[in-house]
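Numbering of the sequence shown is given in this note's numbering, commencing with residue 2 and proceeding in unit increments.
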Amino acid sequence: MAGRATSRSDLDRLVVPQTGLDVTNFLSGLPACHRQLPDHVLTIGTNDMSPLRHSSPRECANIDTPRRRATARQTASHRTKSYIGRIPVPAVPGDARSISPEQRSKPVTPTKLLIGQIAIVFAIVLLGVWAATQWCAHMLAFQEQLGAPWFVAAGWPIYEPWKLLEWWFQFDAYAPEVFDKAGMLAGTSGFMGCAAAIAGSLWRARQRGLVTTYGSSRWAATREIEKAGLFQPAGVFLGKLKDRYLRHDGPEHVMAFAPTRSGKGVGLVVPTLLSWSGSAVIHDIKGENWQLSSGWRSRFSHCLLFNPTDPRSARYNPLLEVRKGSDEIRDVQNIADILVDPEGALERRNHWEKTSHSLLVGAILHVLYAEEEKTLARVATFLSDPQRSFAATLRRMMTTNHLGAANKPQVHPVVASAAREVLNKSENERSGVLSTAMSFLGLYRDPTVAAVTSDCDWRIADLMDAEWPMSLYLVVPPSDISRTKPLVRLILNQIGRRLTERLEGDPKKSRKHQLLMMLDEFPALGRLDFFETALAFMAGYGIRAYLIAQSLNQISKAYGDNNAILDNCHLRIAFSSNDERTAKRISDALGTATELRSMRNYAGHRLAPWLSHVMVSRQETARPLLTPGEVMQLPPADELVLVSGLPPIRAKKLRYYEDHNFTERVLPSPVLRDGPYADCPMSRPDDWTGQVRGVDRRLASDDESAGAALADEGGVQQQRHPGLPEEHTAVTQEPDQDDLSRPADDDSEAMADKRVMDRISTVAGAYGINEGRGDDKDIVPGF
Numbered sequence: 002m003a004g005r006a007t008s009r010s011d012l013d014r015l016v017v018p019q020t021g022l023d024v025t026n027f028l029s030g031l032p033a034c035h036r037q038l039p040d041h042v043l044t045i046g047t048n049d050m051s052p053l054r055h056s057s058p059r060e061c062a063n064i065d066t067p068r069r070r071a072t073a074r075q076t077a078s079h080r081t082k083s084y085i086g087r088i089p090v091p092a093v094p095g096d097a098r099s100i101s102p103e104q105r106s107k108p109v110t111p112t113k114l115l116i117g118q119i120a121i122v123f124a125i126v127l128l129g130v131w132a133a134t135q136w137c138a139h140m141l142a143f144q145e146q147l148g149a150p151w152f153v154a155a156g157w158p159i160y161e162p163w164k165l166l167e168w169w170f171q172f173d174a175y176a177p178e179v180f181d182k183a184g185m186l187a188g189t190s191g192f193m194g195c196a197a198a199i200a201g202s203l204w205r206a207r208q209r210g211l212v213t214t215y216g217s218s219r220w221a222a223t224r225e226i227e228k229a230g231l232f233q234p235a236g237v238f239l240g241k242l243k244d245r246y247l248r249h250d251g252p253e254h255v256m257a258f259a260p261t262r263s264g265k266g267v268g269l270v271v272p273t274l275l276s277w278s279g280s281a282v283i284h285d286i287k288g289e290n291w292q293l294s295s296g297w298r299s300r301f302s303h304c305l306l307f308n309p310t311d312p313r314s315a316r317y318n319p320l321l322e323v324r325k326g327s328d329e330i331r332d333v334q335n336i337a338d339i340l341v342d343p344e345g346a347l348e349r350r351n352h353w354e355k356t357s358h359s360l361l362v363g364a365i366l367h368v369l370y371a372e373e374e375k376t377l378a379r380v381a382t383f384l385s386d387p388q389r390s391f392a393a394t395l396r397r398m399m400t401t402n403h404l405g406a407a408n409k410p411q412v413h414p415v416v417a418s419a420a421r422e423v424l425n426k427s428e429n430e431r432s433g434v435l436s437t438a439m440s441f442l443g444l445y446r447d448p449t450v451a452a453v454t455s456d457c458d459w460r461i462a463d464l465m466d467a468e469w470p471m472s473l474y475l476v477v478p479p480s481d482i483s484r485t486k487p488l489v490r491l492i493l494n495q496i497g498r499r500l501t502e503r504l505e506g507d508p509k510k511s512r513k514h515q516l517l518m519m520l521d522e523f524p525a526l527g528r529l530d531f532f533e534t535a536l537a538f539m540a541g542y543g544i545r546a547y548l549i550a551q552s553l554n555q556i557s558k559a560y561g562d563n564n565a566i567l568d569n570c571h572l573r574i575a576f577s578s579n580d581e582r583t584a585k586r587i588s589d590a591l592g593t594a595t596e597l598r599s600m601r602n603y604a605g606h607r608l609a610p611w612l613s614h615v616m617v618s619r620q621e622t623a624r625p626l627l628t629p630g631e632v633m634q635l636p637p638a639d640e641l642v643l644v645s646g647l648p649p650i651r652a653k654k655l656r657y658y659e660d661h662n663f664t665e666r667v668l669p670s671p672v673l674r675d676g677p678y679a680d681c682p683m684s685r686p687d688d689w690t691g692q693v694r695g696v697d698r699r700l701a702s703d704d705e706s707a708g709a710a711l712a713d714e715g716g717v718q719q720q721r722h723p724g725l726p727e728e729h730t731a732v733t734q735e736p737d738q739d740d741l742s743r744p745a746d747d748d749s750e751a752m753a754d755k756r757v758m759d760r761i762s763t764v765a766g767a768y769g770i771n772e773g774r775g776d777d778k779d780i781v782p783g784f
């Protein structure tokens, strides 16, 4: 038997040792000319093999030994050289030479994960049934009737796992309780297997979600939101998540993008005002927030309504916030900065605006030091006094004893410098400077605005240092937004600058109250340069801003494309947008996620009843968390909350009228009455009330022309605005009854002609101011 030749049928069952391939399949891959090989070629590696017929299974182990494999390789090496390069040898699965480096480092595929999951479930069930079998055998005392054990381990007989089913069928009647408990134990393993399958599925889904090839953006989990402190019972409202409020109590600023009638007032502004216990400055265009929240806020704070178009409004005089001394110049310059840029649209000032800025600084300082009425309305009437020429007004500024005593007069150097700067210009240029300055003061000719800005019922320091918090509502009717914008801008600019001048320790300890600036329709105020830069450090002074705009275009229009408003806002809220640019910006802020997309290809014979071959491939692709179109198509009840350092939150909008916690706080607003404002904080002294200075002729001794102008001034020294209440009887001077054409002793004929023309132009200007009435009293008496 050892020398028997190998037949063709035996070769069909042989395996070539080197490759492990079936010889028949190996030959099928050869060209037709090489399929009929000699017998000595087909017996490669088989000459030294044992016969195929073996007497026992143990002899099979000696067939393929290392010595025989080495002999087979030596015998076949010289016979196979002619076929190298011509015979295509397919790669053997599992061979290390057939695996590329990319395949070696490739992670486990989902198919392998599924197979492993099935194996784990099967193992759990098998172990559970096996444990039930062993427990049942133990309860039956390993009797001989149970049969011979599979093997014995450490003195314990171990049975096959399926023996429980046999015993249960045979001996259930003898020990029903034992088999019932064993069945329950085995059934528990089934439930454990199901739980393992579910856990594996969840793990597989999680592994799919952890793919971050193109991006890792996702929605924030509840535990992350709670860890970020957005579920605290204090702070401003951002929205709600399920049945929990989203609130922020940190010092960071908030920016909201919400189109008109999208619910920003009822969902963000009103809930915040009905819960914020500190001071607040509210920009309320339509007065809705005053009607809804002032009733509750008046219980613990001073509620003041500032409406420059309503005479019942709380009064505020911006000039009384100027501090006398070393700070007066910068305070006045800050006021003039806002006056010369009423719309907030100037990036660079032209010549007329720069010169009028200098004139306004000097005029405001002169009014504060010398005039009885220290208001912006008085600045307007002082510069355009119909009974005095502009040149005479400038000389009056230069000859007023602002700083000195009665025996040693002294003019304010800034006032004198500003007046001399304008006086040195030509007459045409001087008139252009005056007309530019007066265009900035036209608002304060309104009697109602003049009355509202004539005194102070509250001071800026009261916002954070008063005994009780203060709620200041800046209410402006939509019809007067454009006209009154300069005054509202001036108030906000003064508040921002004054409260961020000094930092004395912790603002929570040094300041009595925290301040919230709730600025709805923030871009409607125009560009506030200081406010844009102040957002970066305002939080350190105990001031936080809650800004609301309709779209990104509004902010870009007011502050330019490269603004720092959004950069300084830690939290951003976005409603469904109507603007493509805003939607694109929000989509980019949400980030990009990586998705696994499955592709199925079906293949088979065209005449087959079904396609039997199915190929499934998965591909990683990048996708925005929300596309711009999806941002614009957000449901009306949804909103997006973006917090720095936290995944975005998809939350729900608040509706105060749907929540009993808010509706019970909606109380009637305080009633406004004529006369002094009722709910005011304790008054604070200012540095200017009661200070009035006059002209000192000794200051004009070096200027003969100035002295002549003073002698012939003829104007009213103090003229009260017609909209203000009369407190003192105006002192008038007797008009000059001399002939206008009569020259003075030191005047030439040309000077007399000039004097007549100046008087005529003054009369014409005075009549032009009130020409709409057509009254005989329009012309100022005395001319």
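Idealized CB from N, CA, C, for every residue including glycine. As the structure is a computational prediction, the values presented were derived from the model and not from experiment.
Item                                                                                                     : Value
Where TRP157 falls, given that 16 or more other Cβ within 10 Å makes a residue buried                    : exposed
Three or more C-beta pairs below 8 Å linking the segment 254-272 and the segment 231-245                 : yes
Residues near PRO479 in its chain [Cβ-Cβ closer than 8 Å; skip 5 each side]                              : ILE286 and LYS287
Exposure of VAL130, with buried meaning 16 or more beta-carbon neighbours within 10 Å                    : buried
Supposed close pair THR401, VAL696 - CB separation, criterion 8 Å                                        : 6 Å
Cβ contact (3+ pairs, closer than 8 Å) linking the segment 134-145 and the segment 156-173               : yes
contact_flag[the segment 298-306, the segment 482-499] where n(CB pairs < 8 Å) is 3 or more              : no
Given 8 Å, three or more beta-carbon pairs between the segment 677-696 and the segment 450-470           : yes
Touching by the beta-carbon criterion (3+ pairs, under 8 Å), the segment 637-657 and the segment 567-579 : yes
Cross-strand partners of VAL1 (DSSP beta bridge)                                                         : Outside the modelled stretch of the chain, which goes from 2 to 784, sits residue 1, for which no answer is possible.
Sufficient close CB pairs (3 or more, under 8 Å) joining the segment 589-604 to the segment 547-560      : no
Ordered list of alpha helix (DSSP H) runs contained in the segment 349-429, each at least 4 residues     : 352-371, 377-384, 391-399 and 414-424
Rounded C-alpha distance that separates THR583 from ARG262                                               : 17 Å
Cutoff 6 Å; reference LEU424; Cβ partners in own chain excluding five residues on either side            : LEU395
Status (buried if at least 16 other CB within 10 Å, exposed otherwise) for PRO636                        : exposed
Alpha-carbon spacing of HIS352 relative to ARG460, whole angstroms                                       : 34 Å
Rounded distance between the beta-carbons of LEU384 and ALA438, thought under 8 Å                        : 6 Å
Span separating the alpha-carbon of TRP611 from that of ILE125                                           : 37 Å
Same chain, Cβ closer than 8 Å to PHE441, five either side skipped, listed in chain order                : LEU340, VAL341, PRO343, SER357, LEU361 and PRO487
Per DSSP, the bridge partner or partners of TRP469                                                       : Beta-bridge pairing links TRP469 to no other residue.
CB-CB length for THR310 against THR485, believed under 8 Å                                               : 7 Å
Buried versus exposed, by CB contacts within 10 Å (16 or more), GLY213                                   : It is worth fixing the name first, because residue 213 is Thr in this sequence and not Gly. So THR213 ends up on the exposed side.
Three-state class that DSSP yields for THR690 in the structure shown                                     : coil
Whether ALA187 touches ALA133 by CB criterion (9 Å)                                                      : yes
Closest residue to THR664 among ALA550, VAL267 and ARG446 (Cα-Cα distance)                               : VAL267
DSSP state of SER432 mapped onto helix, strand, coil                                                     : helix
Start-to-end residues for the alpha helix (DSSP H) that takes in MET633                                  : 629-633
3 or more residues per run - each beta strand (DSSP E) lying fully within the segment 551-628            : 570-575, 593-604 and 614-625
Counted within 10 angstroms of its Cβ, other Cβ atoms place GLY676 as buried (16 or more) or exposed     : exposed
For SER483, the first and last residue of its enclosing alpha helix (DSSP H)                             : 482-499
Residues near HIS359 by beta carbon distance below 7 Å, same chain, minus five either side               : Looking at the sequence provided, one finds Ser at residue 359 rather than His. Closer than 7 Å at Cβ, skipping near neighbours: ALA419 and GLU422.
For ALA378 and THR449, believed in contact at Cβ under 8 Å, the rounded distance                         : Not quite, the Cβ-Cβ distance comes to about 11 Å (not below 8 Å), so this is no contact.
Exposure label - MET600; buried when at least 16 CB within 10 Å                                          : exposed
Three-way DSSP call (helix, strand, coil) for PHE663 in this model                                       : helix
Alpha carbon of PRO150 to alpha carbon of GLU178, nearest angstrom                                       : 23 Å
ALA542 (DSSP reduced to helix, strand or coil)                                                           : Contrary to the premise, residue 542 reads as Tyr rather than Ala in this sequence. Looking at TYR542 - three-state DSSP - the assignment turns out to be helix.
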